[in-house]
Amino acid sequence: MNLVIVESPAKAKTINKYLGKDYTVLASYGHVRDLPSKDGSVKPDEDFAMSWEVDAKASKRLSDIADAARKSERVILATDPDREGEAISWHVLEVLNKKKVLKEKVVERVTFNAITKASVQEAMAAPRQIDMELVEAYLARRALDYLVGFTLSPVLWRKLPGARSAGRVQSVALKIIVDRELEIEKFKSEEYWTVDAEVSANSPPFTARLNVLNGKKLAKFDLENAEKAEAARKAISLSKFAVESVEQKPGKRTPPPPFTTSTLQQEAARKLGFSAQRTMQTAQKLYEGVDIGGETTGLITYMRTDGVFIDPAAIGEIRKAVGERFGSAYVPSEPRLYKVKAKNAQEAHEAIRPTSIFRRPETLRLEGDQARLYELIWKRTMAAQMEAARVEKTTIDLLNHDKSIGLRSTGQVITFDGYLALYEEGKDDETDEDGGRLPQLRTGTLVDVHDIKPAQHFTEPPPRYSEASLVKRMEELGIGRPSTYASILSVLRDRDYVRMDKNRFIPEDKGRLVTAFLDQFFSRYVQYDFTADLEEKLDLVSAGDLNWKALLREFWQDFHAKAGEISEFRVSEVLDRLNDALAPHIFPDKGDGSNPRACPTCGTGQLSLKTSRFGAFVGCSNYPECKYTRPVGNPENASEVAAASGDRELGRDPETGKVVALKIGRFGPYVQLGEAESKDDKPKRSSLPKAWPPASIDLDRALKLLSLPRKVGDHPEDGKPITAALGRFGPFIEHEKTYANLPSFDEIFEVGLNRAVVLLAEKRANAKGKASTVATLKELGAHPESGDAIQVMAGRYGPYVKCGKVNATIPKDTAPEDVTLEQALALIEAKGGVKKTAAKKTTAKKAAPAKKPATKKATTSKKAPAKKAKAEA
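Written out as structure tokens, the structure is:
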């Protein structure tokens, strides 16, 4: 028997069919071990020893794999064909060696780039050993990420409260976004004008633009205002023009290469609107396969790759498919071969392509995301082996009689569509395209000017990054690996370091603070070149040209010293540096010569960054005498939330007549009823939930918040009140010091008594030290056949009816308190009913203690589990 270990259960099922009865295929479900998320899992003082911990969910699966390995003659590690796949195979092998189940067994490693019968059988015929150089590159990368995270993050927490985390690549990706925002903010728009004329020469009219004025070539900003543009318009209107020259140049547009991980993410974002994560999840499903004719078949090759290489046999099929569909004119004379231009590209694997180009998108029964992504991959693969598009570029220059004024018209015509007949690559941002076909004109031909139109323009700042353009930029810089981009971008959003607006990344103030801190105190480690250089060194490790521990030692020596140096800084010193670094953003020039850091309330204090456990804010240096505070950021940008003082009146409470106001405090936005009438008087306040941003708060919402806590009702068991409220960790209900979280903020105002009783019962049932107990909500009586008690229980996944060993879920539309005995019996019967033998078993168990042999058996049975435990150990 042969044991094959893969990563996913879907892949295991498919490969088992391909290999037959002599093989057992089991899944590891991805990584089986990881570094525990606590400090000390990587030990620099012990030559970077790493403590690995088996994932709780993987423990049972590893036991199953170990059991199967004991019975097998050969163990084949067939995880994914990349660094992560190599690492997973190594982890599995390490665990099996610790369990001592391999002994003299043959252990081999195989990889296949596609889940098809031919690919799998070909891989099985060419096994190898685990590539330890790839594993060491993985270990080095994992250790670096761990050491950076567990060294930087605590420094951030101490010096910049409210910051969530920092990471080796994550922080650099954030810096790219923040740096672009700084470019946008520093950008000063400039006005310029162009002048276009509609002309003809016994031909259809075409457009020409002024490009020579007063005998000189016109620069972009030469026409800087309307007056100059109008003077140019008059000069054109008073002149006669003739064709000075006609230039026609043939050109080509070559097809883009087949997809890599990065370019697939970019194109799916541009054309399909997919996030990087959505793209990779969909590609994974296409790779693992769909049912075709009763057999699961992988539709695309492995989707984590930097290579643009395609197997020669597959190229032959693609060229044949192109010829059949479009004709021989669309098939280039030689196969197209591509090379990656990105830094640090690993070209060991094929590009992402269909496993068979003859599986056309329209013939497969795919739906939704899978259909759209497969069609994109199929078209790109076909286009990559098609003939180039041929274009003709035409330029016509027109001059007046003394050549002091010139007009130019450009056009481009596709004379042969080539690959454009099937596919055209998307663009990150709109760009100006050349015009269409121009008329055939001869030199010296006089032209008529029909219409002259000056147009005003303003220069625009560089656009914010979309997912596509950010992935492209990271790849160009050689930062991170394309297979990690999806998770990196997700972390930035999850940490609230960035937000998305019209599919563009905008840094939040929290993200800008983190970036400014790292720029000021760990500048070297967030520089693009340094991060890219580290990636190159990791590539040298995977190539066997650099020792992985030597790389770690070199990095850790300087990094650890720097972290220790920063730890000595006082928080006030850190904030002073950040005040200066972020001054244009948080203390913008008012334009009237006044001090932008002067407190608008007391006039004598200086505004400065302050910190709290909820994050940073701007406050007055005269605190506590002056209590002025506002959020971090340009106060002008907060105008929609509040005035510069941070306050906004919402209206009056109809019951008390007091003013209801929105305020921005050091701990964030909140609503307040009235003002303090004395030193001891504390007006009623309520913080804002995340679900209700400050801009959305009106009088009605504010009054709802101020009405909290809300009484839900009295508990049916003790008659004591149940209340719903908003706390530090979100919405909750409370009864007799038992607190149960609510899944959404709106439930504070909607949760009913029955629902609240169930949530509280579940909370008590799952309390610390009582995880194995379940609360009883209601006793219904005994089962008429078995005599077992029938109870309504509060379970972890909802209320249910219990009778002996039968548990029957209560329908969602039925309140657990309203369940009757008759309803419970029906639910139990639908579940399979209570076995009639249950009563006999109970009687037998009661009689057992009276017999001596039973005691002896019981003693024997106690020893049995110990033997089993020893055997398993």
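When we follow our numbering, the leftmost residue of the sequence shown carries the number 16, and every step to the right adds one. Just so you know, even glycine gets a beta-carbon here, dropped at the ideal spot from N, CA and C.
### Query
Which full runs of the alpha helix (DSSP H) of 4+ residues lie inside the region 550-603, going along the chain?
563-582, 586-596, 598-601
### Contact belief for residue 124 with residue 92 at Cβ below 8 Å, rounded distance in angstroms
As a position in the sequence shown, residue 124 is number 109, starting the count at 1. As a position in the sequence shown, residue 92 is number 77, starting the count at 1. About 5 Å; that satisfies the 8 Å criterion.
### Task
Under the assumption that residue 300 contacts residue 323 (Cβ atoms under 8 Å), give the Cβ distance between them as a whole number of angstroms.
As a first step, residue 300 is located in the sequence shown; it is residue number 285 there, counting from the start. As a first step, residue 323 is located in the sequence shown; it is residue number 308 there, counting from the start. At roughly 23 Å, the Cβ-Cβ gap does not stay under 8 Å, so residue 300 and residue 323 are not in contact.
### Query
From residue 414 to residue 420, what distance separates their C-alpha atoms?
Taking the first residue of the sequence shown as 1, we reach residue 414 at position 399. Taking the first residue of the sequence shown as 1, we reach residue 420 at position 405. Rounded to whole angstroms, residue 414 to residue 420 spans 6 Å at the Cα level.
### Task
Compare the beta carbon distance of residue 244 and residue 388 with 8 Å and say whether it is the shorter of the two.
On the sequence shown, position 229 is the one that residue 244 refers to. On the sequence shown, position 373 is the one that residue 388 refers to. Not in contact: residue 244 and residue 388 (Cβ atoms no closer than 8 Å).
#### Entry: For residue 351 and residue 399, believed in contact at Cβ under 8 Å, the rounded distance
Residue 399 sits at position 384 when you count from the first residue of the sequence shown. Residue 351 sits at position 336 when you count from the first residue of the sequence shown. The C-beta separation of residue 399 from residue 351 comes to about 6 Å, placing the pair in contact by the 8 Å criterion.
### Query
If you draw a straight line from the C-alpha of residue 637 to the C-alpha of residue 617, how long is it?
Reading the sequence shown from its first residue, position 622 is the one you call residue 637. Reading the sequence shown from its first residue, position 602 is the one you call residue 617. Spanning the two alpha carbons is a distance of roughly 8 Å.
### Query
Which residues bound the alpha helix (DSSP H) around residue 408?
Here residue 408 refers to the residue found at position 393 of the sequence shown. Looking at the DSSP string, residue 408 is not in any alpha helix (DSSP H); the run it does join, the beta strand (DSSP E), is 404-415.
#### Entry: Cα-Cα separation, residue 641 to residue 633
By one-based count along the sequence shown, residue 641 stands at place 626. By one-based count along the sequence shown, residue 633 stands at place 618. Each residue's CA atom was taken as its position, placing residue 641 and residue 633 some 13 Å apart.
### Option in 621, 257, 32 with minimal Cα separation from residue 133
As a first step, residue 133 must be located in the sequence shown, where it is residue number 118. Nearest C-alpha to residue 133: 32.
### Query
Below 8 Å between beta carbons: does that hold for residue 162 and residue 571?
Taking the first residue of the sequence shown as position 1, residue 162 is located at position 147. Taking the first residue of the sequence shown as position 1, residue 571 is located at position 556. In this structure, residue 571 lies closer than 8 Å to residue 162 by Cβ.
### Task
Provide the residue span of the alpha helix (DSSP H) that contains residue 174, from first to last.
Along the sequence shown, one-based indexing puts residue 174 at 159. 147-174 is the extent of the alpha helix (DSSP H) around residue 174.
### Query
Since residue 709 and residue 832 are thought to touch, with beta carbons under 8 Å apart, how far apart are those beta carbons, to the nearest angstrom?
To locate residue 709, count along the sequence shown from 1; it is residue 694. To locate residue 832, count along the sequence shown from 1; it is residue 817. Residue 709 to residue 832, Cβ: 40 Å. No contact.
### Query
Is residue 411 near the ligand HEM, in the sense that its beta carbon is under 7 Å from a heavy atom of that ligand?
Because no ligand of any kind appears in the structure shown, any question about the ligand HEM cannot be addressed here.
### Query
Got a sec? Which residues, its chain only, sit under 7 Å from residue 264 by beta carbon, not counting five neighbours each side?
Mapped onto the sequence shown, residue 264 falls at position 249. Excluding sequence neighbours, residue 264 sits near 408.
### Query
What number of angstroms, rounded off, separates the C-alpha of residue 210 from the C-alpha of residue 236?
The sequence position of residue 210 within the sequence shown is 195, counting from 1. The sequence position of residue 236 within the sequence shown is 221, counting from 1. The straight-line gap from Cα to Cα measures roughly 12 Å.
### Message
Could you tell me the alpha carbon to alpha carbon distance between residue 689 and residue 594, rounded to whole angstroms?
### Response
On the sequence shown, position 674 is the one that residue 689 refers to. On the sequence shown, position 579 is the one that residue 594 refers to. When rounded, the distance between both Cα atoms is 34 Å.
### Task
Would you mind sorting residue 321 into buried or exposed? The rule is 16 or more other CB atoms within 10 Å of its CB.
For the purposes of this step, residue 321 is taken as the residue at position 306 of the sequence shown. The residue in question, residue 321, is buried, as its Cβ has 16 or more Cβ neighbours within 10 Å.
### Task
Along the beta strand (DSSP E) that carries residue 466, what are the first and last residues, could you check?
The count along the sequence shown starts at 1 and reaches residue 466 at position 451. Run containing residue 466: 461-473, per the beta strand (DSSP E) assignment.
### Query
Does the region 374-382 touch the region 247-264, meaning 3 or more C-beta pairs lie closer than 8 Å?
no
#### Entry: residue 255 and residue 461 closer than 8 Å at C-beta
Position 240 of the sequence shown, counted from the start, is the residue given in the question as residue 255. Position 446 of the sequence shown, counted from the start, is the residue given in the question as residue 461. A contact, by the Cβ cut-off of 8 Å.
### Message
With H, G and I counted as helix, E and B as strand and the rest as coil, what does DSSP make of residue 6?
### Response
Outside the displayed range of the chain (16 to 888) lies residue 6, so it cannot be described from this structure.
### Query
Helix or strand or just coil, what does DSSP make of residue 109?
As a working note, residue 109 is residue 94 in the sequence shown. The answer is helix: DSSP assigns residue 109 an H, G or I state.
### Task
Output the distance between the C-alpha atoms of residue 193 and residue 507, rounded to the nearest integer angstrom.
If you number the sequence shown from 1, residue 193 lands on position 178. If you number the sequence shown from 1, residue 507 lands on position 492. Distance between the alpha carbons of residue 193 and residue 507: 12 Å.
### Message
Within the continuous beta strand (DSSP E) that includes residue 809, where are the two ends?
### Response
Residue numbering aside, residue 809 sits at position 794 when the sequence shown is read from its first letter. DSSP places residue 809 inside the beta strand (DSSP E), whose first and last residues are 804-810.
### Task
Please classify residue 128: is it buried, with 16 or more other beta-carbons within 10 angstroms of its beta-carbon, or exposed?
Numbered from its first residue, the sequence shown carries residue 128 at position 113. Classification for residue 128: buried.
### Of the listed residues 489, 527, 203, nearest to residue 511 (C-alpha basis)
Position 496 of the sequence shown, counted from the start, is the residue given in the question as residue 511. Nearest option by C-alpha distance: 527.
### CA-to-CA distance, residue 334 to residue 346, given in whole angstroms
On the sequence shown, position 331 is the one that residue 346 refers to. On the sequence shown, position 319 is the one that residue 334 refers to. When rounded, the distance between both Cα atoms is 6 Å.
### Query
In whole angstroms, what is the alpha-carbon distance linking residue 138 and residue 269?
As a working note, residue 138 is residue 123 in the sequence shown. As a working note, residue 269 is residue 254 in the sequence shown. If I take the Cα positions, the gap works out to 34 Å.
### Query
Can you name, in chain order, every residue of its own chain whose Cβ lies under 7 Å from the Cβ of residue 855, other than the five neighbours on each side?
Position 840 of the sequence shown holds residue 855. Below a pLDDT of 50, predicted positions are generally treated as unreliable, and residue 855, at 39, falls in that range; the measurement from the model is reported next regardless. Same-chain partners within the cutoff: there are none.
### Task
Put residue 506 into one of helix, strand or coil per three-state DSSP.
Stepping through the sequence shown from its first residue, residue 506 is reached at position 491. If DSSP states are grouped into helix, strand and coil, residue 506 belongs with the helices.
### Query
So the beta strand (DSSP E) residue 729 belongs to, where does it begin and stop?
Taking the first residue of the sequence shown as position 1, residue 729 is located at position 714. Here the beta strand (DSSP E) through residue 729 covers 725-729.
### Message
Between residue 734 and chain C, is any beta-carbon pair separated by less than 8 Å?
### Response
Protein chains in the displayed structure number just one, and chain C is not present.
#### Entry: CB-CB length for residue 397 against residue 337, believed under 8 Å
What you label residue 397 is simply residue 382 of the sequence shown in a count that begins at 1. What you label residue 337 is simply residue 322 of the sequence shown in a count that begins at 1. At roughly 6 Å, the Cβ-Cβ gap stays under 8 Å, so residue 397 and residue 337 are in contact.
#### Entry: Cβ-based neighbour list, residue 862, same chain, cut-off 7 Å, excluding 5 preceding and 5 following
For this step, residue 862 is matched to residue 847 along the sequence shown. A caution first: residue 862 carries a pLDDT of 41, below 50, which makes its placement in the model too unreliable to give a value.
### Query
By the 10 Å Cβ neighbour count, where 16 or more other Cβ atoms means buried, how is residue 514 classified, buried or exposed?
Taking the sequence shown and counting its residues from 1, the one referred to as residue 514 is at position 499. That one is exposed.
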